[in-house]
Amino acid sequence: MTILIIAEKPDMGRKIAEALGGLTKKSGYFESNQYIVTYAVGHLLGLAEPDHYDDRYKRWNLEDLPIVPDKFQLIPSTKTKDQLKLIHTLSKQCSSIVNACDAGREGELIAGYILQYLNIKKPVQRLWISSLTPEAIREGFKNLKNGEEYYPLLTAARCRSEADWLIGMNATRAFTTKFGGPGNVLSVGRVQTPVLAMICDRQDELERFKPQTSYTVEANFQQENTSYTGLWHTEEDVVDRTVADRVSNKVKGKVGRIESYEVKDGAEKPPLLYDLGDLQSDANRMFGFSAKKTLQIAQSLYEDHEIIHYPRTSSNFVAADNIPVMHKVFNLLRSLDKYQTLIFAGDTNLVSSSNKNICRPEKVEDHHAIFPTQKLPGNLNIDEEKLYDLIVRRFIVHFYPSANYRHHRINTVIENEQFKTSIRETMDEGWKVVYKTLKNENKNKDTENTENSEEMNEISNFNFDPEQMSFCISSNTKERVTKAPPAYTEGTLIKAMKHVGRKISDTQLKEGMTDLQLGTPATRDSVIEKLKDQSYIELKGRKISPTSKGRELVSKLRELELAVLTSAEMTAMWEKRLNEIAKGQAAHDKFMHNVIQFTNKIVQKIKDQQTDVANRIKNDFGDCPICKAGKIIEGTRGFGCSLYNEGCKFTIWKVQYGKTISHKHVNDLISKGKTETIKFKNKSKVEYKAKLILMNAEIKLEFVNSRKLKK
Numbered sequence: 021m022t023i024l025i026i027a028e029k030p031d032m033g034r035k036i037a038e039a040l041g042g043l044t045k046k047s048g049y050f051e052s053n054q055y056i057v058t059y060a061v062g063h064l065l066g067l068a069e070p071d072h073y074d075d076r077y078k079r080w081n082l083e084d085l086p087i088v089p090d091k092f093q094l095i096p097s098t099k100t101k102d103q104l105k106l107i108h109t110l111s112k113q114c115s116s117i118v119n120a121c122d123a124g125r126e127g128e129l130i131a132g133y134i135l136q137y138l139n140i141k142k143p144v145q146r147l148w149i150s151s152l153t154p155e156a157i158r159e160g161f162k163n164l165k166n167g168e169e170y171y172p173l174l175t176a177a178r179c180r181s182e183a184d185w186l187i188g189m190n191a192t193r194a195f196t197t198k199f200g201g202p203g204n205v206l207s208v209g210r211v212q213t214p215v216l217a218m219i220c221d222r223q224d225e226l227e228r229f230k231p232q233t234s235y236t237v238e239a240n241f242q243q244e245n246t247s248y249t250g251l252w253h254t255e256e257d258v259v260d261r262t263v264a265d266r267v268s269n270k271v272k273g274k275v276g277r278i279e280s281y282e283v284k285d286g287a288e289k290p291p292l293l294y295d296l297g298d299l300q301s302d303a304n305r306m307f308g309f310s311a312k313k314t315l316q317i318a319q320s321l322y323e324d325h326e327i328i329h330y331p332r333t334s335s336n337f338v339a340a341d342n343i344p345v346m347h348k349v350f351n352l353l354r355s356l357d358k359y360q361t362l363i364f365a366g367d368t369n370l371v372s373s374s375n376k377n378i379c380r381p382e383k384v385e386d387h388h389a390i391f392p393t394q395k396l397p398g399n400l401n402i403d404e405e406k407l408y409d410l411i412v413r414r415f416i417v418h419f420y421p422s423a424n425y426r427h428h429r430i431n432t433v434i435e436n437e438q439f440k441t442s443i444r445e446t447m448d449e450g451w452k453v454v455y456k457t458l459k460n461e462n463k464n465k466d467t468e469n470t471e472n473s474e475e476m477n478e479i480s481n482f483n484f485d486p487e488q489m490s491f492c493i494s495s496n497t498k499e500r501v502t503k504a505p506p507a508y509t510e511g512t513l514i515k516a517m518k519h520v521g522r523k524i525s526d527t528q529l530k531e532g533m534t535d536l537q538l539g540t541p542a543t544r545d546s547v548i549e550k551l552k553d554q555s556y557i558e559l560k561g562r563k564i565s566p567t568s569k570g571r572e573l574v575s576k577l578r579e580l581e582l583a584v585l586t587s588a589e590m591t592a593m594w595e596k597r598l599n600e601i602a603k604g605q606a607a608h609d610k611f612m613h614n615v616i617q618f619t620n621k622i623v624q625k626i627k628d629q630q631t632d633v634a635n636r637i638k639n640d641f642g643d644c645p646i647c648k649a650g651k652i653i654e655g656t657r658g659f660g661c662s663l664y665n666e667g668c669k670f671t672i673w674k675v676q677y678g679k680t681i682s683h684k685h686v687n688d689l690i691s692k693g694k695t696e697t698i699k700f701k702n703k704s705k706v707e708y709k710a711k712l713i714l715m716n717a718e719i720k721l722e723f724v725n726s727r728k729l730k731k
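Residue numbers (our numbering): 21 to 731.
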């Protein structure tokens, strides 16, 4: 009989049908004598809302909590229920199933939910591929896996989904009924709340920070044809400028001797191949792309153009069988004028299974690192070109040797004062030539360092004789001011979520936990977007700041001894346990038992609290843009000025042009004067895109790709 193949999206279904060949397109599927290829449209099913279990849950009541279903039930998405019915019908015509959804935890869950809801008991095989080229698809079908091998992964996906439901539904309802109110939902989540706490804590650090000023002396030395700069060395910071000025004047024009000179050769390996987190961080730093935008572009390069491998990966490495593919891709890139020179100078011998900077099979779980496929790009838009170029260059650098340096450390004594110099002399640029033509590659770098303990001079040639004296040709006093820790950008926040295990301060807890991560590559962008949508955070340029609502939420959680909900370590530990469940190394029932106990504790803590109107957390929509004196507050039907009774009638109605607007839209209107692009429907139910514009105290429409405004 026929085999039913279930892809995750229509486009993926089409690619599979084209790769297999001989299939005829039908409505919602492709068909041949051997195969029927159909598809989901993302998640066709989701966990049922509380009121599905009991009508009383339609009203949010603290006394009804916690809500813990005996068995979680699935509900079809209303938008895609017809496709689900089609899959059910097609499954009856087939003898077996191939799960061809994305090769990862979420893809496993999409197919698992479909098979569970439709009660399909037929044998299941798994297509597990990292590339959507026809060759990769056909190779994948030659090596189909037994679906049962992925049952632990499906179990972990179910646990994650149910744990998020339990904590999210119960904590959000409890907190909202206690401290929020109508129209002011206080969303709490297993991952989003610890991320919000990280942002709030960084903001607290910034506000507590007091810059410290100190002074040093910079001396410029000459030794025949060689010049170098030294910084005055003191045991303690010098806070009196006159002291530094005296030293500067004392050494100027004098001769110094070399007290010590050390030379050490070093090498800098090429940066690791991209995983999704590193790609998002670099794209944010270099191009200002949000995490969401980077993932969308990467998905397009993977699904639509088929020119990169699976992007939602957490690995920076490849397995041994990927090495020959990398060689083929490298040679193929020679066809692109942009990379010809770089490819010509590269060396394929450097990319081998013995190179641990590239090949570490133990670090490859679901998918290897991101690198180009054996398909050349066609018509890419500007943003796609930028991201593809990042991926290609990060790939090419591994065909180049390490960058070699010679580190010179000089201690010059002049007039009994010590001046220290650190110079890095470039001996061989190695892989760094690949980035020479990439503009701004080293500009606008976000750094977590508050200050540099040593200034490093980089030069190409340095000829130095420690036996000769050095002449101080000039000197000057330099002011040093300590820097505050930088506010998070989306790029640095993604990195912080990825490396949260490195930040654990408890020595005993930290052991074995340095690889712990907050969220997954596939979910981190949506966590950030959700925090924006809930008015917990806002972007000021590229910098992320918490709103007063976000800070109040975190503060209240900690005040109620529910700081564990803000703990990145706890959430990362859960993520670690889910990974162990996915590998069959941990019991799912014990994990869910602990989640239920934790949920009960959260609800009880909130129930035990006394509260009044003054203690409620309020939305912060900013100052009234019209009278400048009042605050924008939320009412039943709209958002208006707090000085309404005093005469300011400014109002933003909650329903605009038939669309109920979000708190984020209101924040954008108040702070920026316009929203992002929103999808509307006209009276004929035809969809169109436009932005809401605040103009002369009125809300108007600005149609996308048009200057036309509509009142």
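All C-beta atoms, glycine included, are put in the ideal place defined by N, C-alpha and C.
Source: prediction; values computed, not measured.
Per DSSP, the bridge partner or partners of residue i
{"i": "residue 285", "result": "426"}
{"i": "residue 409", "result": "The partner list for residue 409 (beta bridge, DSSP) is empty, contrary to what the question assumes."}
{"i": "residue 709", "result": "699"}
{"i": "residue 44", "result": "51"}
When the options are compared against residue i, the one with the closest alpha-carbon
{"i": "residue 441", "options": "434, 249 and 283", "result": "249"}
{"i": "residue 702", "options": "361, 723, 690 and 538", "result": "723"}
{"i": "residue 606", "options": "597, 614 and 612", "result": "597"}
{"i": "residue 333", "options": "300, 557 and 313", "result": "300"}
{"i": "residue 187", "options": "65, 122 and 86", "result": "86"}
{"i": "residue 189", "options": "615, 718 and 696", "result": "615"}
{"i": "residue 346", "options": "384, 390, 721 and 480", "result": "390"}
{"i": "residue 492", "options": "477, 439, 419 and 262", "result": "439"}
{"i": "residue 282", "options": "700, 105, 485 and 322", "result": "485"}
{"i": "residue 509", "options": "586, 320, 303 and 538", "result": "303"}
{"i": "residue 368", "options": "420, 317 and 379", "result": "420"}
{"i": "residue 710", "options": "562, 716, 79 and 699", "result": "699"}
{"i": "residue 599", "options": "118, 177, 22 and 32", "result": "177"}
{"i": "residue 98", "options": "516, 61 and 573", "result": "61"}
{"i": "residue 433", "options": "220, 267, 167 and 575", "result": "267"}
{"i": "residue 573", "options": "198, 538 and 139", "result": "198"}
Where the beta strand (DSSP E) containing residue i begins and where it ends
{"i": "residue 28", "result": "Note, residue 28: premise wrong, no beta strand (DSSP E); not H, not E."}
{"i": "residue 501", "result": "490-501"}
{"i": "residue 441", "result": "437-448"}
{"i": "residue 66", "result": "65-67"}
{"i": "residue 330", "result": "Careful: residue 330 lies outside any beta strand (DSSP E) and carries neither H nor E."}
{"i": "residue 478", "result": "477-479"}
{"i": "residue 58", "result": "55-59"}
{"i": "residue 344", "result": "That residue, residue 344, is in no beta strand (DSSP E); its alpha helix (DSSP H) goes 343-352."}
{"i": "residue 718", "result": "718-723"}
{"i": "residue 514", "result": "Per DSSP, residue 514 belongs to no beta strand (DSSP E); it is in the alpha helix (DSSP H), 510-518."}
{"i": "residue 120", "result": "114-120"}
Span of the alpha helix (DSSP H) around residue i
{"i": "residue 220", "result": "212-228"}
{"i": "residue 456", "result": "Premise fails: residue 456 is in no alpha helix (DSSP H) and is neither H nor E."}
{"i": "residue 389", "result": "Looking at the DSSP string, residue 389 is not in any alpha helix (DSSP H), and its letter there is neither H nor E."}
{"i": "residue 73", "result": "70-73"}
{"i": "residue 106", "result": "101-111"}
Neighbour flag for residue i against chain B, beta carbons, 8 Å
{"i": "residue 538", "result": "Structure shown: chain B not included; a single protein chain is present."}
- Item | Touch test, the segment 132-144 against the segment 42-53, Cβ-Cβ under 8 Å, three pairs minimum | They do not touch, by the three-pair rule.
- prompt: Quick one: any contact between the segment 547-563 and the segment 281-299, if contact means 3 or more CB pairs under 8 Å?
  reply: With fewer than three CB-CB distances shorter than 8 Å, the segment 547-563 does not count as touching the segment 281-299.
Entirely enclosed alpha helix (DSSP H) segments - the segment 610-698, minimum 4 residues | Counting whole runs of 4 or more residues, the segment 610-698 contains the alpha helix (DSSP H) stretches 683-692.
Extract the residue ranges of the alpha helix (DSSP H) inside the segment 235-298, only unbroken runs of 4 or more that lie entirely within it. Counting whole runs of 4 or more residues, the segment 235-298 contains the alpha helix (DSSP H) stretches 261-271.
**Message:** Whether or not the segment 264-276 and the segment 345-363 are in contact is what I'm after, with contact meaning three or more pairs of Cβ atoms, one per stretch, closer than 8 Å; do they touch?
**Reply:** Flag = no, the segment 345-363 and the segment 264-276 do not touch.
- Starting from the N-terminal side, write out each stretch of the alpha helix (DSSP H) that is 4 residues or longer and does not extend beyond the segment 129-195. If we require 4 residues or more, the alpha helix (DSSP H) runs fully inside the segment 129-195 come out as 154-162.
- Message: Which runs of the beta strand (DSSP E) at least 3 residues long sit entirely within the segment 530-606? Give them in chain order.
- Response: Every beta strand (DSSP E) stretch that sits fully inside the segment 530-606 and reaches 3 residues is listed by chain position as 557-560 and 563-566.
Worksheet item: Touching or not, the segment 637-653 and the segment 686-698, by the rule of three or more beta carbon pairs under 8 Å?
Response: The segment 637-653 vs the segment 686-698: in contact.
For this session: May I ask you to verify whether the segment 222-238 touches the segment 498-505, counting CB pairs closer than 8 Å and requiring at least 3?
Result: Contact check between the segment 222-238 and the segment 498-505: three or more CB pairs, one atom from each, fall below 8 Å, which counts as touching.
Next on the checklist: Between the segment 580-594 and the segment 202-216, can you find at least three pairs of beta-carbon atoms closer than 8 Å?
Outcome noted: The segment 202-216 vs the segment 580-594: in contact.
Discussion item. Below 8 Å, how does it come out for the segment 575-584 and the segment 341-357: are there three or more Cβ pairs, yes or no?
Written reply: In this structure the segment 575-584 does not lie against the segment 341-357, because fewer than three pairs of beta carbons, one per stretch, are closer than 8 Å.
Three CB pairs or more closer than 8 Å across the segment 556-571 and the segment 151-164: Short answer: they don't touch.
Count the CB pairs spanning the segment 649-662 and the segment 620-632 that are closer than 8 Å, and state whether there are at least three. Two segments are said to touch when three or more pairs of C-beta atoms, one from each, lie closer than 8 Å; by this definition the segment 649-662 does not touch the segment 620-632.
| field | Contact between the segment 112-121 and the segment 75-93 (3+ Cβ pairs under 8 Å) | value | Look at the beta carbons and you see the segment 112-121 not touching the segment 75-93: under three pairs across the two are nearer than 8 Å.
Tell me, please, whether the segment 382-399 touches the segment 320-331 by the rule of three or more beta-carbon pairs shorter than 8 Å. Counting Cβ pairs under 8 Å, three or more are found: they touch.
Quick one: any contact between the segment 335-343 and the segment 369-388, if contact means 3 or more CB pairs under 8 Å?
Contact holds: three or more Cβ-Cβ distances are below 8 Å.
Can at least three beta-carbon pairs, one atom from the segment 242-262 and one from the segment 425-440, be found at a separation below 8 Å?
The segment 242-262, when compared against the segment 425-440, does touch it at the 8 Å Cβ threshold.
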